[in-house]
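Just below is one structure, and these are the notes that go with it.
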Amino acid sequence: MDNVTLVLIIAVPIIAISVGGFFLRRLMMRGIDAGMDAVRNEKIRKQEAENPPKQQSLAERYAQNEKKE
Amino acid sequence: MSPILVFLLLIGVVLAISIPIGISRGKKMREEMEKGNMIRREGSFWDEETFFYTKATYDEVKNKIKEVDFSNCKVSTEIDFEGCQAVFFCPNPKYWTAVLEYAGESNGKHLFKYYVYSYNQNKLGLLFGDMNICLTSVEKAFLSLDGETTTETHQLQRKTKRSWF
Numbered sequence: 002m003d004n005v006t007l008v009l010i011i012a013v014p015i016i017a018i019s020v021g022g023f024f025l026r027r028l029m030m031r032g033i034d035a036g037m038d039a040v041r042n043e044k045i046r047k048q049e050a051e052n053p054p055k056q057q058s059l060a061e062r063y064a065q066n067e068k069k070e
Numbered sequence: 026m027s028p029i030l031v032f033l034l035l036i037g038v039v040l041a042i043s044i045p046i047g048i049s050r051g052k053k054m055r056e057e058m059e060k061g062n063m064i065r066r067e068g069s070f071w072d073e074e075t076f077f078y079t080k081a082t083y084d085e086v087k088n089k090i091k092e093v094d095f096s097n098c099k100v101s102t103e104i105d106f107e108g109c110q111a112v113f114f115c116p117n118p119k120y121w122t123a124v125l126e127y128a129g130e131s132n133g134k135h136l137f138k139y140y141v142y143s144y145n146q147n148k149l150g151l152l153f154g155d156m157n158i159c160l161t162s163v164e165k166a167f168l169s170l171d172g173e174t175t176t177e178t179h180q181l182q183r184k185t186k187r188s189w190f
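Chains as they are written, first to last, in the numbering used here: chain A, 2 to 70; chain B, 26 to 190.
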């Protein structure tokens, strides 16, 4: 077996595993993101259903913010 | 030189660079707050949509936004974005973008919706100051047009998008 073939036999699987592993990791992270988004969005839906947001005067809000400062 | 010493030295260098950067950013944000360019906001305001109920029409709001100086939050604006009654705020699409769109009428008032359309979560620590300044500028624009403007905020349901590379 010549040297080139030997190098290819060793290098190709290493490269394939590295590249494959990289994309598998990205796929896993995408799955985690989708799961976390689903949980978060459901929590938001429930919170808004239980406590609907109220309208607030913008001028009053800025006046309150100035008092705090 | 032992590996542990090299490691400790590396940590020291990283801290020596990052702490002054953090302090300088904190000082800048404090200054912007004192100037009134941004206000204290609770929670993650970048994940909220703000509805403005106002007597001002879209044309009045649009013309007012044109007069506002957004240079301190590095934002450029695109009015009537894609032919819609909307203003697009675009500092750098890779980092964050925001939209102010006209959403019709409600109880005799004009309704506008402002929200951060997208942002790079990895850079949020660097961006939320600019987002705050942009939103504060928009709110002040509404206040100058109609002192009786009211707002309502809702949490946005987000979808995380991650690139393959």
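Note that beta-carbon positions come from the ideal geometry of N, C-alpha and C, so glycine has one too. Note that the coordinates shown come from a computational prediction; the quantities given were computed from them, not determined experimentally.
**Message:** Just list the residues that DSSP pairs Ser143 of chain B with in beta bridges.
**Reply:** Numbered from its first residue, the second sequence carries residue 143 of chain B at position 118. In the DSSP output, where bridge partners are listed per residue, Ser143 of chain B has B:Thr122.
**Request:** Would you mind telling me which residues of chain B sit closer than 7 angstroms to Leu59 of chain A, beta carbon to beta carbon, in chain order?
**Result:** Translated into the one-based positions of the first sequence, residue 59 of chain A becomes position 58. Residues of chain B passing the Cβ test: Glu164, Phe167, Leu168, Thr174, Thr175, Thr176.
**Prompt:** Beta-carbon of Arg27 of chain A versus every beta-carbon of chain B: anything under 8 angstroms?
**Reply:** Locating residue 27 of chain A in the first sequence gives position 26, where the first residue counts as 1. Yes, because at least one Cβ of chain B sits closer than 8 angstroms to the Cβ of Arg27 of chain A.
**Prompt:** Counting along the chain, where does the alpha helix (DSSP H) carrying Ser192 of chain B start and finish?
**Reply:** The question about residue 192 of chain B has no answer, for chain B in this structure spans 26 to 190.
**Asked** Are the C-beta atoms of Ile45 of chain A and some chain B residue less than 8 angstroms apart?
**Response** Taking the first residue of the first sequence as position 1, residue 45 of chain A is located at position 44. Chain B, which has a Cβ nearer than 8 angstroms to the Cβ of Ile45 of chain A, makes this yes.
**Nearest residue (CA-CA) to Ala128 of chain B, options B:Met63, B:Leu30, B:Gln110** = In the second sequence, counting from the first residue as 1, residue 128 of chain B sits at position 103. Out of B:Met63, B:Leu30, B:Gln110, B:Gln110 has the C-alpha closest to the C-alpha of Ala128 of chain B.
**Prompt:** Are there 16 or more other CB atoms within 10 angstroms of the CB of Met156 of chain B, so buried, or fewer, so exposed?
**Reply:** Position 131 of the second sequence, counted from the start, is the residue given in the question as residue 156 of chain B. The residue in question, Met156 of chain B, is buried, as its Cβ has 16 or more Cβ neighbours within 10 Å.
**Asked** Short check: CB of Thr174 of chain B to CB of Leu181 of chain B, under 8 angstroms?
**Response** Sequence index remark: in the second sequence, residue 174 of chain B carries index 149 (1-based). Sequence index remark: in the second sequence, residue 181 of chain B carries index 156 (1-based). No, they are not a contact pair.
**Message:** Let's see if you can read the secondary structure: which residues bound the beta strand (DSSP E) around Ile64 of chain B?
**Reply:** Position 39 of the second sequence, counted from the start, is the residue given in the question as residue 64 of chain B. Taken as a continuous stretch (DSSP letters only), Ile64 of chain B belongs to no beta strand (DSSP E), as it is neither H nor E.
**Asked** Start and end of the beta strand (DSSP E) containing Phe117 of chain B?
**Response** Start at 1 with the first residue of the second sequence, and residue 117 of chain B comes out as number 92. Per the sequence presented here, residue 117 of chain B reads as Asn, with Phe not at that position. Taken as a continuous stretch (DSSP letters only), the beta strand (DSSP E) holding Asn117 of chain B covers 111-117.
**Message:** Looking at the strands, I want to know which residues DSSP matches up with Leu136 of chain B.
**Reply:** Looking up residue 136 of chain B in the second sequence gives position 111. In DSSP, Leu136 of chain B forms a bridge with B:Tyr78.
**Asked** Residues of chain B with a CB under 8 angstroms from the CB of Asn66 of chain A: which are they?
**Response** Taking the first residue of the first sequence as position 1, residue 66 of chain A is located at position 65. Ordered by position in chain B, the residues that pass the 8 angstroms Cβ test against Asn66 of chain A are Ile64, Arg65.
**Message:** Check whether the stretch 90-99 of chain B and the stretch 113-133 of chain B are in contact - that is, three or more C-beta pairs closer than 8 angstroms.
**Reply:** yes
**Asked** Span of the alpha helix (DSSP H) holding Ser169 of chain B?
**Response** Indexing the second sequence from 1 puts residue 169 of chain B at position 144. That run of the alpha helix (DSSP H) goes 149-170.
**Message:** Less than 8 angstroms between CB atoms is the rule here; does Glu75 of chain A satisfy it with respect to chain B?
**Reply:** What the structure shows of chain A is the stretch from 2 to 70, and residue 75 of chain A is not part of that stretch, so it cannot be assessed.
**Request:** Leaving aside the five residues before and after Ser162 of chain B along the sequence, list all residues of the same chain whose C-beta is less than 7 angstroms from its C-beta, in chain order.
**Result:** Position 137 of the second sequence, counted from the start, is the residue given in the question as residue 162 of chain B. Excluding sequence neighbours, Ser162 of chain B sits near Val93, Phe95.
**Prompt:** Can you list the residues of chain A that Trp71 of chain B reaches, using a CB-CB cut of under 8 angstroms?
**Reply:** Locating residue 71 of chain B in the second sequence gives position 46, counting from the first residue. Within chain A, no residue comes near Trp71 of chain B; the closest Cβ sits about 14 angstroms away, beyond 8 angstroms.
**Prompt:** Taking Cβ-Cβ distances shorter than 8 angstroms, what residues in chain B pair up with Asn42 of chain A?
**Reply:** Residue numbering aside, residue 42 of chain A sits at position 41 when the first sequence is read from its first letter. In chain order: Gln182, Arg183.
**Prompt:** Is there a Cβ from chain B that is less than 8 angstroms from the Cβ of Asp3 of chain A?
**Reply:** To locate residue 3 of chain A, count along the first sequence from 1; it is residue 2. It does not: the Cβ of Asp3 of chain A has no partner Cβ on chain B nearer than 8 angstroms.
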